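So the structure is just underneath, and the comments pick up after that.
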Amino acid sequence: MLLTPEVFHFYLWGGIILVGGLGVVFSRRVIYSAFSLILSLFGVSALYVLLTAPFLAAVQVLLYIGGIAVLILFAVIVAQQKGGGILYNTQPHSPWALLVVLVLMISMGRILTSIQWPVASVEGRTMYNLQISQIIPQARGEEMLTPQTNTYVIGLSLSRTYVMIFELMSVILLVAMIGAIIYVRKEEGESGSD
Amino acid sequence: MVPTEHYIILALALFGIGAYGFMSRRNLITLLMCMELMVNAVNILLVAFNRNWGLEVTRGAFMQARDVQSPIGQIMVIFSITIAVAEAGIGLGIIILLYRHLKTAEVDEVNWLKW
Numbered sequence: 003m004l005l006t007p008e009v010f011h012f013y014l015w016g017g018i019i020l021v022g023g024l025g026v027v028f029s030r031r032v033i034y035s036a037f038s039l040i041l042s043l044f045g046v047s048a049l050y051v052l053l054t055a056p057f058l059a060a061v062q063v064l065l066y067i068g069g070i071a072v073l074i075l076f077a078v079i080v081a082q083q084k085g086g087g088i089l090y091n092t093q094p095h096s097p098w099a100l101l102v103v104l105v106l107m108i109s110m111g112r113i114l115t116s117i118q119w120p121v122a123s124v125e126g127r128t129m130y131n132l133q134i135s136q137i138i139p140q141a142r143g144e145e146m147l148t149p150q151t152n153t154y155v156i157g158l159s160l161s162r163t164y165v166m167i168f169e170l171m172s173v174i175l176l177v178a179m180i181g182a183i184i185y186v187r188k189e190e191g192e193s194g195s196d
Numbered sequence: 048m049v050p051t052e053h054y055i056i057l058a059l060a061l062f063g064i065g066a067y068g069f070m071s072r073r074n075l076i077t078l079l080m081c082m083e084l085m086v087n088a089v090n091i092l093l094v095a096f097n098r099n100w101g102l103e104v105t106r107g108a109f110m111q112a113r114d115v116q117s118p119i120g121q122i123m124v125i126f127s128i129t130i131a132v133a134e135a136g137i138g139l140g141i142i143i144l145l146y147r148h149l150k151t152a153e154v155d156e157v158n159w160l161k162w
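Chains as they are written, first to last, in our numbering: chain R, 3 to 196; chain B, 48 to 162.
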């Protein structure tokens with residue numbers, strides 16, 4: 003395979019993702035694990051750009067890094083003031099876990115790579131590659147629509163075809179928010195010592 | 048164009064790292080981070096398959112545009128990111144609650160329901 007820029011960036015960011023993941027698992031301190039997680043999530047965002055999904059790349063940075071990772075960092079910081087027990091990892095010493103993961107990965111890898119995945123034709127599918135002029139209907143003598151970028155298509159289908167998923171996401175977020183508040187809230191008469 | 052098999056291998060490796068961390072670590076916050084790693088591996092697979100299969104899956108989803116690639120995989124990723132956000136909020140709430148009661152965040156010291 004030729005070393006095109008896409009291939010180069012795939013291996014670069016894939017390596018960054020794997021290094022970040024190993025850092026999450028093998029870091030001694032939890033705060034280093036959190037920073038490694040941010041590195042890994044940023045690599046995944048770069049892979050989304052390579053996979054021609056720029057909207058998802060932005061969502062990944064905004065929600066995962068700006069939301070979840072910062073939430074985890076806050077939890078680590080809050081727990082830090084109460085004592086050191088939450089802050090350190092013991093070294094992983096579990097050969098059985100390694101065995102299970104190896105068996106799982108080898109079997110799944112053999113299954114997934116032995117399937118001949120059908121590849122659709124490339125014609126008319128270059129929309130995400132910033133070559134919008136090729137797919138604008140006007141070029142084929144059809145009626146001119148809004149330029150169909152990735153974000154436009156996602157927004158259109160989220161509000162038309164998959165509107166049920168959109169509503170379900172709102173309900174899930176509401177329930178999770180109320181549940182988290184009820185969990186962490188102090189009970190009546192509970193001492194406020196901590 | 049990087050073939051889909053390479054993305055499959057990468058996602059498998061990331062999932063394996065996350066699963067190994069999930070099974071060998073004892074700190075609850077680290078467990079939550081390993082779960083995020085596994086969710087991200089599946090998300091990579093969804094987007095990679097969406098690039099190959101998007102046109103065939105739901106072509107009828109759009110009335111006017113015929114050759115528009117369907118973003119069904121990317122919408123599933125958005126849904127999964129929403130689930131992950133809710134899961135992180137609830138999980139960290141539970142961790143803080145456990146820490147308030149037990150003064151620990153190790154999974155094997157939380158044995159209220161054992162025996």
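For every residue, glycine included, the Cβ atom is placed at its ideal position computed from N, Cα and C.
Please read these numbers as outputs of a predicted model, since none were measured by experiment.
- In the three-state DSSP reduction, asparagine 90(B) falls in the helix class (H, G or I).
- The beta carbons of valine 72(R) and asparagine 87(B) sit about 16 Å from each other, so the pair does not count as a contact at 8 Å.
- With distances taken between CA atoms, methionine 48(B) lies nearest to Asn99(B) out of Thr129(B), Asn99(B), Glu153(B), Leu160(B).
- Closer than 9 Å to the CB of leucine 61(B) there is at least one CB belonging to chain R.
- The contact set of leucine 106(R) on chain B, defined by CB atoms closer than 8 Å, consists of Gly63, Ala66 in chain order.
- Exclusion of the five residues before and after glycine 120(B) leaves Leu93, Val94, Phe96, Asn97, Gly101 as the residues of its chain whose Cβ lies within less than 7 Å of its Cβ.
- The beta carbon of leucine 41(R) does not come within 9 Å of any beta carbon belonging to chain B, so the residue lies off that interface.
- Around leucine 75(R), the same chain offers Ala36 as residues with beta carbons nearer than 6 Å, after the five sequence neighbours per side are excluded.
- Annotation for glycine 68(B): the continuous alpha helix (DSSP H) segment containing it runs 51-71.
- When C-alpha distances from isoleucine 19(R) are compared across Leu4(R), Ser29(R), Leu43(R), the shortest belongs to Leu43(R).
- For methionine 123(B), the enclosing alpha helix (DSSP H) covers residues 119-149.
- Within chain B, not a single residue places a beta-carbon under 9 Å from that of valine 51(R); the smallest gap is close to 11 Å.
- Counting C-beta atoms within 10 angstroms of its own C-beta, isoleucine 128(B) has 16 or more neighbours from the protein chains shown and is therefore classed as buried.
- Against chain R, the CB of leucine 160(B) has no partner CB under 9 Å away; the residue lies outside that interface.
- The Cβ atoms of leucine 59(B) and glycine 16(R) lie no closer than 9 Å to each other.
- Going by beta carbons, leucine 106(R) and glycine 63(B) fall inside the 9 Å limit.
- Taking the Cα positions, lysine 161(B) is about 20 Å away from arginine 72(B).
- Boundaries of the alpha helix (DSSP H) around isoleucine 18(R): 7-28.
- Methionine 179(R) reaches chain B at Ala133, Gly136, counting residues in chain order whose Cβ is nearer than 9 Å.
- Boundaries for tyrosine 66(R): no alpha helix (DSSP H) harbours it, and the DSSP string shows neither H nor E there.
- For the 9 Å CB-CB criterion, isoleucine 40(R) and glycine 23(R) do not form a contact.
- By the criterion of a C-beta distance shorter than 6 Å, tyrosine 66(R) is surrounded in its chain by Leu43, once the five residues flanking it on both sides are discounted.
- Proximity to glutamate 83(B) across Val32(R), Val26(R), Ile33(R) peaks at Val26(R), based on C-alpha coordinates.
- Beta-carbon to beta-carbon, threonine 54(R) and isoleucine 55(B) are separated by about 17 Å, too far to satisfy the 8 Å threshold.
- Residue-level contact check: alanine 48(R) does not touch chain B, since none of the beta carbons of chain B fall below 9 Å from its beta carbon.
- Chain R places no beta carbon closer than 9 Å to that of valine 154(B), leaving this residue out of the contacts.
- Within 7 Å of the CB of leucine 5(R), no CB atom of chain B is found; the nearest one sits about 11 Å away.
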